[in-house]
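Residue numbers (my numbering), protein chains in the order written: chain A, 1 to 281; chain B, 1001 to 1357; chain C, 2001 to 2315.
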């Protein structure tokens, strides 16, 4: 019997400070035992528990793509006890990763569809993974039009800036990068809140168009009516929840909402599913 | 399997004998109440109890349990790598389990032993354990097992059922594990032909002694949100002080927390029972808490047991009718009252029957 | 005391009807013997559920913390002392409250009574000073003073100290009791004996926190045991953690505890938690001449400084 609580040992291979306020860092991990990488077979939208002995575990969405080999990446916002400690760790340090956990975005269903990615703030990690995967030459033809609306408070708060620029230069993806506001004269992308930009830039809803929405509660609250207006059915709106979790495998009970466990049955849900569930997230 | 009849002396001798093959646990009176404990040599269970104060769940699922050990010694090769701890696999037997508590194990198993994940700690302990039940000849006023999926002579979750008849006991092995335990105890002596009737009569009398009940027949047909948004939660939760008593004494409450504790350069990752009554249970690192208010947490406990579980597993309620939470709740929140409210709630008229049973 | 019930209902209906308050907090009959349930009435109908008898031992001051409504509260002596403490500590305003004072002759101890009988108690009835306890095959009538909770047996403030209206005549205060007899016993022990005594006392604790949560004094938004940054106390059954919780909690209540006994009453295990708080009450009385919650005009000794505060303990 495999112990589902046992993390794989990993080494921190690289740490990238993503934002100007240094509250977000991306950690690139390499598995100490190469076999563990094979066991850690994941798809975009899943998460893992980052495990620091002495501090505990935190559930974090996987920011790398399964198309990237040899490492896994997580972008972590410094907020609680474990994340604060993690931010103080150094390249070369050993810790643990347990996963992959939860359901990915429904890739089988999404094949052949137009995809609109809507993200805000630091909830862009599994979306980054998704975009990276879809843009891979092996995958791009499996999807129709790709739209991305990604916003942050300010230019310096955007994640993955170099990749964003590279994607913006491509013609097989419609990138709409926006900030709430900026005085930067060199800012060449959009200004405005994500819901507003969504209203202006997102394609109209159709049976073949799916929106994947991840962001802070306030963004989601105001984006949802916009998607309604654009004609998106609630079955075609896909979201990812974050609740307090411990075990990550639907056993410890704390992320329970209705008959679902966010960790095991989610974190990905359609809006139709969420409409039937208590709003305890 | 054959029904065996033994006297009290043979029962005691057998339990003592079984200790050579099993770690035997049983109810023992400590101060004013009975609780389960590991029986030492020559220590016998005390069957003069209605039910124990705490359920036997902690034998399989201790309140605090070490999961891993780790070293923070930078000179060690294993520094910061979690190491599994030796897991129980020695045979255990719990003697004198009441049928209500016995049913709690198959219920809890649905959580700990799912098709996708096996909680190795729970599953190993469960599989290593033989459950030797003791039928209830009379119920407490707070017992409602007969409407919670079992009864005073219920067999689900048991490997052996003992039925007390005066100074004698009928021994009914129910599973292979049970037969093995009966063998280890050396219990033998076929009961006479009338034993079946005798047991049936005791069972009938015991079932009649269960005087309270819950109604659960309509829980499934209501939508989650209908019950969730029902108007009675604030009122029903008013007296609650959000302690963890109900969840800790409940045989079917399974939630836990995981904690690391470091001592010098080494430490343990452990789990401890947790409770949905505690605000911290769901509090995000950001400070946001999806169940911030007391009534939301009270609602969660009852919705989980009486609606979410019911819908998820289609196998009755997550409650065995042992009545512990009723007897021990410091402020008299009575699951029977809440269950009947939920079951009778009519979303259109916004009304429900209020009588506690 | 059961005759207070009619009067409580009358007052409740009147103050609700006059619009003086939004709710009346009291007790309703529980579903078990010796177990009443804190309850609030907002209408004449729900006011008729309010009752009073010798099973109203929980402290209702616990239910008014930080409330914004106008509240009438049924309060016995200790409850009113905690209400006073709440007002001093800004957990509620006096103007928000209509205190329905209940002169009290003590509450019976369900732990003790349950332990007196082997069989389940299914009925407890009260008539004047006589309590009749019955179950299958037994029925016994005992004088109430023998069945009192320990804090009630040694209580010297049975009458409400602050109220807007009383439900009955004031009762005679007990003067021939020694509230600190149990503390003196422990004080007389050797350090080793004391250590063992408290170890034994706490060993069955399951850390459900019922004692803390039933206590009107324990209103911290985040209790020190729940704090994670830094984490002061471990969460397991480790005896050091359990002891730390109980001892620190008692110290947080020093000079504020009214010995209402709610902590002991609610403990599912029957731990004598007052053995801790009582010692600190005694110290406050001896060092500062202070008993908590008797006056609105003075702050508790441990949150004030006076030049002549005793300091002999500083060595």
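We put the CB at the ideal spot given by N, CA and C, even for glycine.
Min CB distance residue i to chain A below 9 Å
i, result
"residue 1232 (chain B)", "no"
"residue 1079 (chain B)", "yes"
"residue 1356 (chain B)", "Unreliable positioning characterises residue 1356 (chain B) in this predicted model, as indicated by a pLDDT of 46, which lies under 50. A coordinate reading is not provided."
Cβ-based burial, residue i [other Cβ within 10 Å; buried from 16]
i, result
"residue 109 (chain A)", "exposed"
"residue 1142 (chain B)", "buried"
"residue 2189 (chain C)", "exposed"
"residue 1078 (chain B)", "exposed"
"residue 1002 (chain B)", "exposed"
"residue 2170 (chain C)", "exposed"
"residue 167 (chain A)", "buried"
"residue 2148 (chain C)", "buried"
"residue 58 (chain A)", "buried"
"residue 2200 (chain C)", "exposed"
Selection from the options that minimises the alpha carbon distance to residue i
i, options, result
"residue 163 (chain A)", "A:131, A:78, A:71", "A:131"
"residue 2252 (chain C)", "C:2218, C:2133, C:2060, C:2101", "C:2218"
"residue 133 (chain A)", "A:68, A:103, A:213, A:19", "A:68"
"residue 2204 (chain C)", "C:2026, C:2313, C:2123, C:2267", "C:2267"
"residue 51 (chain A)", "B:1063, B:1343, B:1070", "B:1070"
"residue 1206 (chain B)", "B:1042, B:1031, B:1050", "B:1050"
"residue 1120 (chain B)", "B:1099, B:1228, B:1084", "B:1084"
"residue 2041 (chain C)", "C:2057, C:2021, C:2290", "C:2021"
"residue 1136 (chain B)", "B:1349, B:1200, B:1276, B:1086", "B:1200"
"residue 2259 (chain C)", "C:2180, C:2015, C:2112, C:2073", "C:2180"
"residue 1122 (chain B)", "B:1138, B:1087, B:1132, B:1045", "B:1087"
"residue 245 (chain A)", "B:1315, B:1276, B:1099, B:1343", "B:1276"
"residue 2215 (chain C)", "C:2057, C:2016, C:2008", "C:2057"
"residue 1055 (chain B)", "B:1108, B:1006, B:1186", "B:1108"
CB contact below 9 Å: residue i versus chain B
i, result
"residue 9 (chain A)", "yes"
"residue 100 (chain A)", "no"
"residue 2269 (chain C)", "yes"
"residue 2122 (chain C)", "yes"
"residue 2063 (chain C)", "yes"
"residue 139 (chain A)", "no"
"residue 79 (chain A)", "yes"
"residue 83 (chain A)", "yes"
"residue 2012 (chain C)", "no"
"residue 254 (chain A)", "yes"
"residue 281 (chain A)", "yes"
"residue 128 (chain A)", "no"
6 Å CB neighbourhood of residue i in its chain, flanking five on each side removed
i, result
"residue 1265 (chain B)", "1072, 1073"
"residue 2225 (chain C)", "2233, 2245"
"residue 1356 (chain B)", "In this prediction, residue 1356 (chain B) scores a pLDDT of 46, lower than 50, which makes its location untrustworthy; the coordinate-derived value is nonetheless stated afterwards. Hits under 6 Å: 1334, 1336, 1337."
"residue 2104 (chain C)", "2076, 2077, 2158"
Cβ of residue i within 9 Å of any chain C Cβ
i, result
"residue 1243 (chain B)", "yes"
"residue 1064 (chain B)", "yes"
"residue 1235 (chain B)", "yes"
Residues of its chain near residue i, where Cβ-Cβ distance is below 8 Å and the 5 sequence neighbours each way are ignored
i, result
"residue 1058 (chain B)", "1036"
"residue 2173 (chain C)", "2156, 2157, 2158, 2159"
"residue 1129 (chain B)", "1059, 1060, 1091, 1092, 1093, 1094"
"residue 2163 (chain C)", "2075, 2080, 2099, 2100, 2101"
"residue 90 (chain A)", "12, 15"
"residue 1196 (chain B)", "1003"
Residue i beta carbon near the ligand SAM (any heavy atom closer than 8 Å)
i, result
"residue 248 (chain A)", "No copy of the ligand SAM appears in this structure; indeed no ligand is present at all."
Other residues of its chain near residue i: CB distance less than 7 Å, five sequence neighbours each side excluded
i, result
"residue 270 (chain A)", "234, 235, 237, 238"
"residue 2308 (chain C)", "none"
"residue 1291 (chain B)", "1282, 1297, 1300"
"residue 113 (chain A)", "143, 144, 208, 209, 210"
"residue 197 (chain A)", "149, 151, 176, 178, 190"
What residue ranges within the region 1158-1205 of chain B form continuous alpha helix (DSSP H) runs of no fewer than 4 residues, ordered along the chain?
-> 1176-1185
Segments assigned beta strand (DSSP E), at least 3 residues, entirely inside the region 2041-2122 of chain C = 2071-2076, 2097-2102
Give, in chain order, every unbroken run of the beta strand (DSSP E) that is at least 3 residues long and sits entirely within the region 1070-1129 of chain B.
-> 1092-1097
Where in the region 2234-2301 of chain C do unbroken runs of the alpha helix (DSSP H), each at least 4 residues long, occur, reported from the N-terminal end onward?
-> 2239-2252, 2262-2266, 2274-2288
Completely contained beta strand (DSSP E) runs for the region 1247-1319 of chain B, where each covers 3 or more residues = 1256-1263, 1266-1273
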